[in-house]
Amino acid sequence: MNVLETINRISELAPAQLGDFSAPIMPDVSAAGELAAISGASAADIEAAAKLIDGNNHHIAEITAEAQVAITTTAENLLGIGHSFLQQAAPVALTALQPVPGAAAGSIAQLDALARSHMAEAETAANELDEQLSALATRLHGIAEEPFALDDASPTATPPSPAQYASTGGNGTAYSPDNNAAFPEANFVPAALETTEETGAQAGTPTGTETDNPTDNATDDASAAAGRAAVAAARSQLGTPYQWGGTTPGVGFDCSGFTQWAWGEAGVDIPRLAHEQAVGQQVSVNELREGDLAVWDGHVAMYAGNGELIEAGSPVSTSPLRTNNLDMNFHGFYRPTA
């Protein structure tokens with residue numbers, strides 16, 4: 004890897020800026036009460052909706068500002084990494100021009116080592132930004148999915164039954180056969196997984212003919228017990244704040260630091276970064292049991308049972324089981340193994 008190639012690769016990791024953002028201005032609804040009184044109706048729903056939207060706009064602006072700070076900080080870090088590489092590489096490159104036997108070969112090896120170490124540092128910074136932005140995106144999802152109840156009884160759409168849900172598609176997003184956009188729940192995997200958990204997966208008991216192999220049974224029992232221990236550890240941290248690069252219980256976690264810590268408490272070591280945690284045994288949604296990981300390009304969450312994920316959002320919390328996370332590529336469900 005030469006000097007120019009290294010600088011180009013570091014520059015390619017630089018994040019795009021968000022640009023100017025401003026939430027839509029709420030229209031004035033102060034006259035709604037008087038108009039409703041004239042028509043014998045109620046303005047409570049309009050006034051409540053306006054208050055909710057105005058509050059959400061403030062939250063969205065705060066989240067966007069946090070994202071911009073994270074992006075700017077990472078861009079500055081990458082610039083510093085590139086500058087550091089050039090400062091260290093320049094004198095080494097000059098030694099390659101000296102008419103000393105073996106000088107060129109030694110300099111090339113040293114340049115390669117410098118390039119690799121600086122690229123690793125740059126990739127770590129970029130991955131940490133992905134995880135921080137994923138946590139902010141989770142907060143935006145929470146705002147988008149916040150229910151709004153009408154005061155007056157109003158006809159509402161009937162939620163789809165579990166039978167309407169299908170398996171995940173190629174892009175990692177669960178879908179319903181009619182692809183009805185009226186139901187945001189169609190992006191979530193149904194919670195009707197308890198049959199699987201309570202039979203073959205409960206307490207780590209295998210199904211089928213595995214009982215003929217006591218060794219397999221013992222291994223599966225130990226794996227299931229480790230998964231339950233990981234979830235128990237994860238639940239003990241509910242409410243812990245999100246912290247970029249955080250790995251400390253009670254202080255702060257990022258998404259992969261949280262799952263790595265929880266599985267570590269269960270006696271199983273897994274990699275540090277989100278996309279690297281797609282290790283162990285890949286399982287289908289129907290095979291999920293406590294402790295299994297849902298892995299995206301820049302985010303990871305843990306299956307907690309009962310159709311829920313537990314993840315390091317802001318703060319650590321549970322959410323419905325899903326396979327979508329903005330436009331991140333979904334790698335699948337994975338079961339860490341000792």
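In the numbering used here, the protein residues as written are 4 to 341.
Don't be surprised by glycine CBs; every beta carbon is placed ideally from N, CA and C.
Closest residue to Pro-80 among Gly-36, Gly-242, Ser-287, Ala-17 (Cα-Cα distance): It should be pointed out that residue 80 corresponds to Asn in this sequence rather than to Pro. Relative to Asn-80, the option among Gly-36, Gly-242, Ser-287, Ala-17 whose CA is nearest is Ala-17.
Gly-173 (DSSP reduced to helix, strand or coil): At Gly-173 the pLDDT is 35, less than 50, meaning the model places this residue with poor confidence; the figure from the coordinates comes in the next sentence. In the structure shown, Gly-173 sits in coil (DSSP, three-state: anything other than H, G, I, E or B).
Cβ neighbour criterion (16 or more within 10 Å) applied to Thr-251: Exposed: under 16 other Cβ atoms inside 10 Å.
Contact check, Leu-241 vs Val-298, beta carbons under 8 Å: The answer is no: Cβ separation not under 8 Å.
Selection from His-278, Pro-94, Glu-311 that minimises the alpha carbon distance to Met-331: Selected option, being the one with the closest Cα: His-278.
Secondary structure of Arg-231, DSSP reduced to three states: Three-state result, Arg-231: helix.
Element boundaries [beta strand (DSSP E), containing Pro-323]: Looking at the DSSP string, the run of the beta strand (DSSP E) that includes Pro-323 is 319 to 323.
Contained beta strand (DSSP E) runs [length at least 3] in the stretch 278 to 329, N- to C-terminal order: The stretch 278 to 329 contains these whole beta strand (DSSP E) runs: 284 to 286, 296 to 299, 303 to 308, 311 to 315, 319 to 323.
Under the three-state DSSP convention, the category Arg-275 falls into: Here Arg-275 sits in coil by DSSP.
Beta-ladder partner(s) of Phe-256, from DSSP: Paired residue(s): Tyr-245, Thr-250.
Straight-line gap, Arg-325 to Leu-312 (C-alpha atoms, nearest Å): Between Arg-325 and Leu-312, the C-alpha separation is close to 8 Å.
Sub-8 Å separation of Ala-138 and Gly-249 beta-carbons: Going by C-beta atoms, Ala-138 is not nearer than 8 Å to Gly-249.
At least three beta-carbon pairs within less than 8 Å, the stretch 259 to 274 to the stretch 231 to 240: Segments in contact, yes.
Contact under 8 Å by Cβ, Tyr-337 with Asp-295: Yes, these two residues count as a Cβ contact at 8 Å.
CB-CB length for Thr-77 against Ala-128, believed under 8 Å: Confirmed, about 6 Å.
Which of helix, strand or coil DSSP assigns to Gly-83: Of the three classes helix, strand and coil, the one that applies to Gly-83 here is helix, per DSSP.
Check whether Ala-140 and Leu-7 have beta carbons under 8 Å apart: Against a cut-off of 8 Å, the Cβ pair of Leu-7 and Ala-140 comes out as no contact.
Rounded Cβ spacing between Gly-255 and Gln-263 (contact assumed at less than 8 Å): So it is not a contact: roughly 14 Å between Cβ atoms.
Cutoff 6 Å; reference Gly-308; Cβ partners in own chain excluding five residues on either side: Cβ neighbours of Gly-308 within its own chain (closer than 6 Å, five residues either side excluded): Glu-293.
Given Ala-35 as reference, the closest of Gly-22, Leu-21, Glu-50 once Cα atoms are compared: In terms of CA proximity to Ala-35, Glu-50 leads the group Gly-22, Leu-21, Glu-50.
Test item: CB-CB of Gly-335 and Gln-285 under 8 Å: Yes, the pair counts as a contact, with Cβ atoms nearer than the cut-off.
is_contact[Val-95, chain C] using C-beta, thresh 8 Å: Reference to chain C is not applicable here, since this structure consists of a single protein chain.
Start and end residues, beta strand (DSSP E) containing Gly-22: No residue range can be given for Gly-22, since it is assigned to no beta strand (DSSP E) and is classified by DSSP as neither H nor E.
Neighbour-count burial assignment, Val-72, 16 or more Cβ in a 10 Å radius: Val-72 comes out exposed.
Alpha helix (DSSP H) segment containing Asn-11, residue limits: Annotation: the continuous alpha helix (DSSP H) that includes Asn-11 extends over 6 to 15.
One or two residues paired with Arg-338 in a DSSP bridge: DSSP lists Gln-284 as partners of Arg-338.
Rounded straight-line distance, which links the Cα of Gly-22 to that of Ala-118: Rounded to the nearest angstrom, the two C-alpha atoms are 31 Å apart.
For Ser-33 and Glu-131, the rounded distance between their alpha carbons: CA-to-CA, the gap between Glu-131 and Ser-33 works out to about 45 Å.
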